[in-house]
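Trainee: Numbering (my numbering), first residue to last: 590 to 1537. Even for Gly, the Cβ is constructed at its ideal location relative to N, Cα and C. Could you have a look at this structure, given as structure tokens, before my questions?
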């Protein structure tokens, strides 16, 4: 069947239109209609019908003859495919019939725009999944119907058609629709507003959804599509039609991050157009109506440019800064927010600070003004929440557990603000923060008089101004600390009374601002005034932890957790009163904030460690936690923060956790078993699968292994943990695998004997995680798997040999292409390679010349510790087995050896001495001296301790 020969059946059109009409009715049974539409979708040409209704239903209907018998129906006439100026041709046909028959003709009303839109949206969704499996004839029919409709009279239909065009291009690319590019060009060049708008709408959606498709070579075209469209888009910047200016700007903006050659070469033209649009007479900063250029788009373009190619803006930077400053203090928060992003982007771009410095006296007041709560800020309503009111389910923010990670830095960012709304207030505070880090104390003369003026006004009507002043003080606490530190006692004396302010949001922001000075407050401990100051801050925060307002409870717990991290062991003498307050809050808080108390308890355990392992403290801490532990079911998500809390407590108490260990261990096992069953058979498990239960349980088991050490052996020996753990190591969820390999490494350290029965399977599973094809997507999994292999290797020794070469073949490319990879993965790869070399030197030494340079380079970046010692034992073992294998990399090896501050193991120190002396004896005729002369003086100085 040819693409153009398909014709719809009248009955089919009526039925589908009827269903679509019901679907958009607010009173219809949506599920029943959806089932009927799904039934129709089984027919191969259903999507053809949808395309026909979308494109032609405005002129599709019955031709009505009007004669002696008014409204008598003459034979049905189907309107066939018509060119775009369809109304003229229909009128011509009707006039021809009237002349020859004397019958007046009218066309029954076409289908409503709403029905046509519904058909288009359903078509779009269907094509996403079905287009590639459709027959070529049906594909061609739909494409051929859409193109003439780009210039439909109704803009809603044009927009729907543009969306479908973008979807098809996502599926088949430009090459799969050769007619499209020329059709778009013809429309853009037509001079007809409908055609130009329709083509621009489709083009802007392609640019937004798949910009790279237009910056790719297309067979049969002498240049890339972006080269064809870009000059036309620039031309539309100057169009008298606002819609075309908006769509063209939106389209070009999508390419700033990609920066294709065509845009790079046309940057002057783009900037000229951008500056014209920035001063567009219709660009109303106070509103974002459809009739005006959204100023936020112009601002977004400047922000993206300064992030990607700051050099382009540098010649115009004063004008851009001036423009952004004016917009930033405009009346529309959404526009001001986009402009406010510019200041942080400017600082990150490392442009000359001096260009911005002269604007600071005007910029700082604008930022401070925008830090005042807006009247519609949701926090104002939240601030009135009474702590005694139970939380609703919708009050509980989604939580994000971070899987256990072994290394110097986690691969994932822990964004505490992930669920909060980013707004002008927060953006302005963040900009002030980064400006303080760039300009330091130089901003204080412009900021502090404003802060003092706002904070000294005690009138209740301006409490939001006072609150903003406290926020500003916290924002600059780190960047301006040199200038603020001499006044720290005055600042603390100013903030402490605000902890008892009548306005909850002032109490909460005062907690946060105090936390920003935590490090410097703790530094004062040991001096009389410093001790008193710390005591006041500590007790002030503890007092606020028992506040009746939920927002203040949250802020004080978070601030206290920050203080805990800084104070660490300094908290030990005050543990009793801290625990009493935290457990009182635990009993007092509603569900949402109880989670924050768990975090504060966990942070306290991490901070004080074994100091917590005293009966008087455990008697306060553990009974309420155990009661909550017993109260929560294995499927209650409130269990997550409690599992995390127990993990920290188990690690802190060490063997002191033994009295609580067995029920905790057994419950973790039970949770993992239930969830693994739920994954394959939820009905039998009686619960819905949620992988986070497995992740948290694995991490708690790791905490037990780390805390109990070999004391966990009796629990593992009587369980099926080995089998469960192997299942988790093979799971398809990366975060489960990440935590599973962390536990595998922890168990390898303390009870490797219980891993022996499945050792080869564990090693194979771990080795597979190191494949470089998808390494960046699952870098944390690879990191933990790599670490676990190294831990297993030094325990099982030669039994690791079957996978040694497989693992090494994965580790070497990681070390050779370390740029852009996670630091911890590089370190763990180097350590694990060294550990494998230590236990299997004969296997690795024949290949050492292929990886010595990148390996030694990675070893030289690792801090002194026991793991680095293991790696160097492997280095020495390989050199003994194959001295010539390291000759070409001797300079790199010397630098790695020189990276030690001190090798504490006398045995290893002697081995390293032997290696260096061996090469000194091997390299004769001045070769050793030549090697030494190529080293930097500090490296040679450090090697002198080895008597070479």
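Once DSSP output is grouped into helix, strand and coil, what is the label at residue 1138?
Mentor: strand
Trainee: Once DSSP output is grouped into helix, strand and coil, what is the label at residue 616?
Mentor: coil
Trainee: What is the residue span of the alpha helix (DSSP H) that residue 595 lies within?
Mentor: Run containing residue 595: none; DSSP gives neither H nor E here.
Trainee: If we call anything under 8 angstroms between Cβ atoms a contact, is residue 1422 one with residue 1377?
Mentor: no
Trainee: Closest to residue 1442 by CA distance: which of 1310, 1481, 1476 and 1385 is it?
Mentor: 1481
Trainee: Might you give, ordered along the chain, the residues of its own chain that have their beta carbon closer than 7 angstroms to the beta carbon of residue 604, omitting 5 neighbours on each side?
Mentor: Excluding the 5 residues flanking it on each side, residue 604 has no same chain C-beta neighbour closer than 7 angstroms.
Trainee: Taking 8 angstroms as the limit between beta carbons, can you name the residues of its chain near residue 747, skipping five residues before and five after?
Mentor: 738, 739, 740, 741, 783, 786, 787 and 790
Trainee: Considering only the beta carbon of each residue, do residue 865 and residue 826 sit closer than 8 angstroms?
Mentor: yes
Trainee: With DSSP run on the structure shown, which of helix, strand or coil describes residue 1419?
Mentor: Helix.
Trainee: Taking contact to mean at least 3 C-beta pairs separated by less than 8 angstroms, is the segment 1272-1283 in contact with the segment 1295-1312?
Mentor: At 8 angstroms Cβ cutoff, the stretches do not touch.
Trainee: Decide if residue 1526 is buried, meaning its Cβ has at least 16 other Cβ atoms within 10 Å, or exposed.
Mentor: exposed
Trainee: Give the secondary structure of residue 948 by DSSP, where H, G and I count as helix, E and B as strand, and everything else as coil.
Mentor: coil
Trainee: Run the CB neighbour count on residue 1259, radius 10 Å, all protein chains shown included, and call it buried at 16 or more, exposed below.
Mentor: exposed
Trainee: Given a cut-off of 8 angstroms, decide if residue 1343 and residue 1311 are closer than it, judged by their beta-carbon atoms.
Mentor: yes
Trainee: Determine whether the beta carbon atoms of residue 1450 and residue 1475 lie at a separation below 8 angstroms.
Mentor: no
Trainee: Is residue 812 helix, strand or coil by DSSP?
Mentor: coil
Trainee: Tell me the rounded alpha-carbon separation between residue 1339 and residue 1323.
Mentor: 25 angstroms
Trainee: If the criterion is Cβ atoms closer than 8 angstroms, does the pair residue 933 and residue 1019 meet it?
Mentor: yes
Trainee: Give me the Cβ distance between residue 1231 and residue 1187, rounded to the nearest whole Å; I'm assuming they're in contact under 8 angstroms.
Mentor: Taking a contact as a CB-CB distance under 8 angstroms, the pair residue 1231 and residue 1187 counts as one, their CB atoms being some 6 angstroms apart.
Trainee: What did DSSP end up calling residue 799 once you bin it into helix, strand or coil?
Mentor: coil
Trainee: Quick check on the DSSP output: the alpha helix (DSSP H) that includes residue 1213 runs from which residue to which?
Mentor: 1204-1220
Trainee: Do you know how far the Cα of residue 1113 is from the Cα of residue 1365?
Mentor: C-alpha separation (whole angstroms): 43 angstroms.
Trainee: Taking 8 angstroms as the threshold (C-beta atoms), are residue 935 and residue 895 in contact?
Mentor: Closer than 8 angstroms, so yes.
Trainee: If you reduce the DSSP assignment to three classes, tell me which class residue 1101 lands in.
Mentor: DSSP places residue 1101 within a helical segment (H, G or I) once states are collapsed to three.
Trainee: From residue 1316 to residue 1288, what does the alpha carbon distance come to, in whole angstroms?
Mentor: 15 angstroms
Trainee: Nearest CA to the CA of residue 1283: which residue from 1318, 953, 628 and 1102?
Mentor: 1318
Trainee: DSSP state of residue 1113, grouped into three classes?
Mentor: coil
Trainee: If you draw a straight line from the C-alpha of residue 924 to the C-alpha of residue 942, how long is it?
Mentor: 25 angstroms
Trainee: Taking C-beta to C-beta, are residue 1229 and residue 1239 nearer than 8 angstroms?
Mentor: no
Trainee: Helix, strand or coil for residue 1532, going by three-state DSSP, please let me know.
Mentor: helix
Trainee: How about residue 1093 and residue 1163: do their beta carbons lie closer than 8 angstroms?
Mentor: no
Trainee: To the nearest angstrom, how far is it from the Cα of residue 726 to the Cα of residue 639?
Mentor: Roughly 15 angstroms between the two C-alpha positions.
Trainee: Our contact map puts residue 1524 next to residue 1483 with C-beta atoms below 8 angstroms; I'd like the distance itself, whole angstroms only.
Mentor: 6 angstroms
Trainee: Once the 5 residues before and after residue 760 are set aside, which same chain residues still bring their CB inside 8 angstroms of it?
Mentor: 716, 717, 720 and 721
Trainee: Reducing DSSP to helix, strand and coil, say where residue 807 ends up.
Mentor: coil
Trainee: What separation, rounded to the nearest whole angstrom, lies between the Cα atoms of residue 1084 and residue 1167?
Mentor: Rounded to whole angstroms, the gap between the alpha carbons of residue 1084 and residue 1167 is 21 angstroms.
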